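Just so we're aligned, residue 1 is where the sequence shown starts under this note's numbering, counting upward by one.
Even for Gly, the Cβ is constructed at its ideal location relative to N, Cα and C.
Quantities reported herein were computed from a predicted structural model and do not represent experimental measurements.
In what follows, a structure is listed as structure tokens, so that the remarks can point back to it.
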Amino acid sequence: MTRIVQKELKVAFKPGHHPHCLICQIPSHLERRDGSYKVVDPEQQWQQVRSIFELVASGKGSLKKLHFLFLPESILPLSAVDSALEMIAQSFHPNTVTVFGVEHVNLTEFRRQLDHFAADNAELLAAVAEDMDAGDVDEVPVNWCVIAVKEHDGRLRVFLEAKSHPFVGEENLDRRHDLYRGKIFWLFRCHPTCFNFMSLICLDYIYRDLYQSNISIIIEKANQLFFETRQRLDLLAVIEFNPKPEHQAFRDVVNGFYGEYLSYTPGVRDASTLFCNVSSGTSCEGIAPQTEFGHSAVILHNSHHIEQVSSSEFVTDDFTGLPVCRLRFNSQTRLFYFNLPLFHELDPRTTRMPLKIHSIFRPDDKGGWKRMIRDEFTKTDDAPSQAPGKSL
């Protein structure tokens, strides 16, 4: 059974100021080796991620205000995890949260990684130890991510999370190809700013079985937080390697999460939901080459009013008639930098926009990133097709 464990963080966002996020929609290439999905070219992939880390560390423009950095599922090779964490610890500003997915490893290797960060992952380590003691599961593959938090005093906290739902390529008759199902989700509570967030891996967002639904337990936990402390879930981030980012199952969960059809849900009503997907050009053994990835998105309750926009880089809609406002990005390789709305922000101006895109970066010809100018993405004649639905 999946359960949510609270973790307290010493992260101090500036009072009265918006948190800032960078969604990294970049490609990944996976192949099956030794029963698991691995990055095809580990060195090239690390260099791509490293270029993003260098951009963040430089703090050019408003990037010095960055609070959340999200990279997709299965984006980093295992061999680069230590280098990534070292770079975060040495180069990133304090009060920065970084989330990135890692290629698959077996359960023995995952436990070894947990042992390195046992102080922050005691509950997950205990769950994995119990599962390994219960049966022959040492070689079962694990799809996992790293949540690295550089606290206000510069201390680096590292949390690991294992996916609770099978990967798209793991439906196989061979028992040893089944994915290990994680049982722990982290709820991070930042102090002294009082900002609460969670991070999931793709299908964890929609997974359910006979006994429970992942999204239901998140709503229940957030409601409990609200009724006991008058705080709520501020951010739910979902990192993806998803060839169907707008599948009906995702739409249905978004509808239930924000719709309040069956119960009053003040714990999540004002949460921002982020989907960080891989970009077009991604490949995975077993998935058709013409499959289109991309279309990362930001979703808010429709009480936040966002004007209707359609450009070559993003569109806004209501996700085909849902009680939400959605900012939907294109499918190309991009870094999207924007602010998150504050639920408690009161402003009588009807023109106030709670969500603002500060910058969009595209790859340059030197292996780095170039900030796009407005003229490059305000034209609507080459805009991607907008998902059907009512205008806002």
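(request) Could you name the residues of the same chain whose beta carbon sits closer than 8 Å to that of Tyr211, not counting the 5 residues immediately before and after it, in chain order? (result) Only Met1 meet the Cβ criterion.
(request) Starting from Tyr258, follow the beta strand (DSSP E) in both directions and report where the run begins and ends. (result) For Tyr258, no beta strand (DSSP E) run applies; the uninterrupted alpha helix (DSSP H) run containing it begins and ends at Gln248 to Gly259, by DSSP.
(request) Could you tell me the boundaries of the alpha helix (DSSP H) in which Leu107 lies? (result) Residues Leu107 to His116.
(request) Could you check if Ser391 is buried or exposed, using at least 16 other CB atoms within 10 Å of its CB as the buried criterion? (result) Reliability fails at Ser391, whose pLDDT of 34 lies under 50, so the model's placement of it is uncertain and the value that follows must be treated cautiously. Result: exposed.
(message) DSSP has Met198 in a bridge; who is on the other side?
(response) For Met198, the pairing in a beta bridge is given by DSSP as Leu187 and Leu236.
(request) Return the chain-ordered ranges of every beta strand (DSSP E) run that is complete within the region 66-153 and spans a minimum of 3 residues. (result) Annotation note: the region 66-153 contains the following uninterrupted beta strand (DSSP E) runs of length 3 or greater, listed N- to C-terminal: 68-70, 96-106 and 141-150.
(message) Is it buried or exposed, Thr402, if we count other Cβ atoms within 10 angstroms and call 16 or more buried?
(response) With the chain covering only 1 through 392, there is no way to say anything about residue 402.
(request) Closer than 6 Å by C-beta to His301: which residues in its own chain qualify, once you throw out the five before and the five after it? Chain order, please. (result) If we look at His301 and ignore the five residues flanking it on each side, its Cβ neighbours are Tyr258 and Arg269.
(request) Have a look at Glu8 and Gly35 and give me their C-alpha separation to the nearest angstrom. (result) A straight line joining the alpha-carbon of Glu8 with that of Gly35 spans about 37 Å.
(message) Excluding the 5 residues flanking Leu114 on each side, which residues of the same chain have their C-beta closer than 7 Å to its C-beta?
(response) Once the five neighbours on either side are set aside, the close Cβ partners of Leu114 are Asn121, Leu124, Leu125, Val128 and Leu160.
(message) Counting beta carbon pairs with one atom in the region 96-107 and one in the region 141-156, are three or more of them shorter than 8 Å?
(response) Contact annotation: the region 141-156 touches the region 96-107, with at least three C-beta pairs closer than 8 Å.
(message) Buried or exposed, going by whether 16 or more other CB atoms sit within 10 Å of the CB of Ser331?
(response) Buried, by the Cβ-count rule.
(request) Kindly indicate which residue of Glu313, Val5, Gly368 and Asp365 has the alpha-carbon position closest to the one of Ile357. (result) Closest in alpha carbon position to Ile357, among Glu313, Val5, Gly368 and Asp365, is Glu313.
(message) Within 10 Å of its beta-carbon, does Lys163 have 16 or more other beta-carbons around it, so buried, or fewer, so exposed?
(response) Residue burial annotation: Lys163 is buried, with at least 16 other C-beta atoms found within 10 angstroms of its C-beta.
(request) Compute the distance between the beta-carbons of Asn369 and Ser83, then report whether it is under 9 Å. (result) The sequence given here has Trp at residue 369, not Asn. Contact flag unset, no.
(request) Over the uninterrupted alpha helix (DSSP H) stretch that includes Phe241, give me the two end residues. (result) Boundaries for Phe241: no alpha helix (DSSP H) harbours it, and the DSSP string shows neither H nor E there.
(message) So, under 8 Å CB-CB, Gln25 and Gly294 are touching, yes? Tell me the CB distance rounded to an integer number of Å.
(response) With 8 Å as the limit, Gln25 and Gly294 qualify as a contact, their Cβ atoms being about 6 Å apart.
(request) Take Ser91 and list the residues in its own chain whose beta-carbon comes closer than 6 Å to its own, dropping the five residues that flank it on each side. (result) So the list reads Ala57, once near-sequence residues are dropped.
(request) Would you mind reading off the limits of the alpha helix (DSSP H) that contains Ile52? (result) Pro42 to Ser58 is the extent of the alpha helix (DSSP H) around Ile52.
(request) Sort out for me which residues DSSP pairs Phe361 with in a bridge. (result) Bridge partners of Phe361 according to DSSP: Leu335 and Arg371.
(message) Taking only three categories from DSSP, how would you classify Glu307?
(response) If DSSP states are grouped into helix, strand and coil, Glu307 belongs with coil.
(message) Using only the alpha-carbon positions, how far apart do His247 and Val5 sit?
(response) When rounded, the distance between both Cα atoms is 29 Å.
(message) Measuring straight from C-alpha to C-alpha, what distance separates Cys284 and Gln45?
(response) Linking Cys284 to Gln45 through their CA atoms gives a straight-line distance of about 14 Å.
(request) Inspect the beta-carbon positions of Ile219 and Phe185 and report whether they are closer than 9 Å. (result) Cβ atoms of Ile219 and Phe185: not closer than 9 Å.
(request) Tell whether a beta-carbon distance below 9 Å holds between Val81 and Leu107. (result) In this structure, Leu107 does not lie closer than 9 Å to Val81 by Cβ.
(message) Is it buried or exposed, Leu262, if we count other Cβ atoms within 10 angstroms and call 16 or more buried?
(response) The residue is exposed, with fewer than 16 neighbouring Cβ atoms inside 10 Å.
(request) Would you kindly check if the distance between the Cβ of Leu235 and the Cβ of Leu342 is under 9 Å? (result) Inclusion of Leu342 and Leu235 in the CB contact set at 9 Å is not warranted, their separation being larger than that value.
(request) Taking only the alpha-carbon atoms, compute the straight-line gap between Glu31 and Cys325 and give it to the nearest angstrom. (result) Approximately 36 Å, taken between the alpha carbons.
(request) Answer yes or no: do Ile201 and Glu73 have a C-beta to C-beta separation smaller than 9 Å? (result) Contact annotation: Ile201 and Glu73 have beta-carbon atoms nearer than 9 Å.
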